[in-house]
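Undergrad: I'd like to ask you about the structure that follows.
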Amino acid sequence: MKLIRRLTIPLAAATLAGCVTSEDPGDGGFFNGVAGASNGTYDGRVASRQAEVDSAQAENARLTAELARLRGEHSAIKSDLIAARAKAQAAGVRLNATQEGQVAAALRSDPARVESLSKAIADARRLTDSIARLAG
Numbered sequence: 007m008k009l010i011r012r013l014t015i016p017l018a019a020a021t022l023a024g025c026v027t028s029e030d031p032g033d034g035g036f037f038n039g040v041a042g043a044s045n046g047t048y049d050g051r052v053a054s055r056q057a058e059v060d061s062a063q064a065e066n067a068r069l070t071a072e073l074a075r076l077r078g079e080h081s082a083i084k085s086d087l088i089a090a091r092a093k094a095q096a097a098g099v100r101l102n103a104t105q106e107g108q109v110a111a112a113l114r115s116d117p118a119r120v121e122s123l124s125k126a127i128a129d130a131r132r133l134t135d136s137i138a139r140l141a142g
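So the sequence shown is numbered by our numbering: it starts at 7 and just counts up by one.
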């Protein structure tokens, strides 16, 4: 009789664990929770989410570094262009209207492009933060 009492609870738990229909903790339910906690599913989900956070943070860092590099390169090219135009003018070379327009366009910051890059970086940061909050 004592053996039956000892086995009743574990057998009942094992039987009820068979009722688990989802490994998603968002689906709720006592049996899903017990099964998820006992079989490591929740730990696996946390590890998966953490990997997503780490990946998003790495991508964010890569994009930030790329933007800094591109800004530096853009600044250097603008300086080179200004110097080349000044050298040409000092040598008495006159640029035609098309060339002057191209120089002016190259020296002008493109606000739409800068805004687009800034928005992409901000979106990546928000996504990183959002995923980090999900991972808890």
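Beta carbons are placed, not taken as given, at the ideal position from N, Cα and C, and that holds for glycine.
Hey, could you find the ends of the alpha helix (DSSP H) ALA57 is sitting in?
TA: As a position in the sequence shown, residue 57 is number 51, starting the count at 1. Its alpha helix (DSSP H) spans residues 47–96.
Undergrad: Determine the DSSP secondary structure at ASP135, reduced to helix, strand or coil.
TA: Taking the first residue of the sequence shown as 1, we reach residue 135 at position 129. Helix at ASP135.
Undergrad: Quick check on DSSP: helix, strand or coil for LEU123?
TA: Locating residue 123 in the sequence shown gives position 117, counting from the first residue. The answer is helix: DSSP assigns LEU123 an H, G or I state.
Undergrad: Is the Cβ-Cβ distance between VAL120 and LEU87 less than 9 Å?
TA: Counted from its first residue, the sequence shown places residue 120 at position 114. Counted from its first residue, the sequence shown places residue 87 at position 81. Contact flag unset, no.
Undergrad: Where does VAL26 sit, in a helix, a strand or coil, going by DSSP?
TA: Here residue 26 is taken as the residue at index 20 of the sequence shown, counted from 1. Only weak support exists for where VAL26 lies, its pLDDT of 49 falling under 50; the value from the coordinates is given anyway. Correct three-state label for VAL26: coil.
Undergrad: What residue from THR14, GLN63, ALA67, TYR48 has the CA that sits closest to THR134's CA?
TA: Within the sequence shown, numbered from 1, the residue matching residue 134 stands at position 128. That would be GLN63, whose Cα lies nearest to the Cα of THR134.
Undergrad: Roughly how many angstroms lie between the CA atoms of SER85 and ASP116, to the nearest whole one?
TA: Sequence index remark: in the sequence shown, residue 85 carries index 79 (1-based). Sequence index remark: in the sequence shown, residue 116 carries index 110 (1-based). Rounded to whole angstroms, SER85 to ASP116 spans 16 Å at the Cα level.
Undergrad: Work out the CA separation of ILE127 and ALA67 for me, nearest whole Å.
TA: As a position in the sequence shown, residue 67 is number 61, starting the count at 1. As a position in the sequence shown, residue 127 is number 121, starting the count at 1. Distance between the alpha carbons of ALA67 and ILE127: 9 Å.
Undergrad: From ALA82 to LEU101, what distance separates their C-alpha atoms?
TA: The residue given as residue 82 occupies position 76 in the sequence shown. The residue given as residue 101 occupies position 95 in the sequence shown. One C-alpha to the other measures close to 21 Å.
Undergrad: Report yes if the CB atom of GLU79 is closer than 9 Å to the CB atom of ALA130, and no otherwise.
TA: Looking up residue 79 in the sequence shown gives position 73. Looking up residue 130 in the sequence shown gives position 124. No, these two residues do not count as a Cβ contact at 9 Å.
Undergrad: In whole angstroms, what is the alpha-carbon distance linking ARG51 and LEU113?
TA: In the sequence shown, residue 51 corresponds to position 45, counting from 1. In the sequence shown, residue 113 corresponds to position 107, counting from 1. Their Cα atoms are separated by approximately 50 Å.
Undergrad: In the DSSP assignment, the alpha helix (DSSP H) including VAL109 goes from what residue to what residue?
TA: Taking the sequence shown and counting its residues from 1, the one referred to as residue 109 is at position 103. Its alpha helix (DSSP H) spans residues 103–113.
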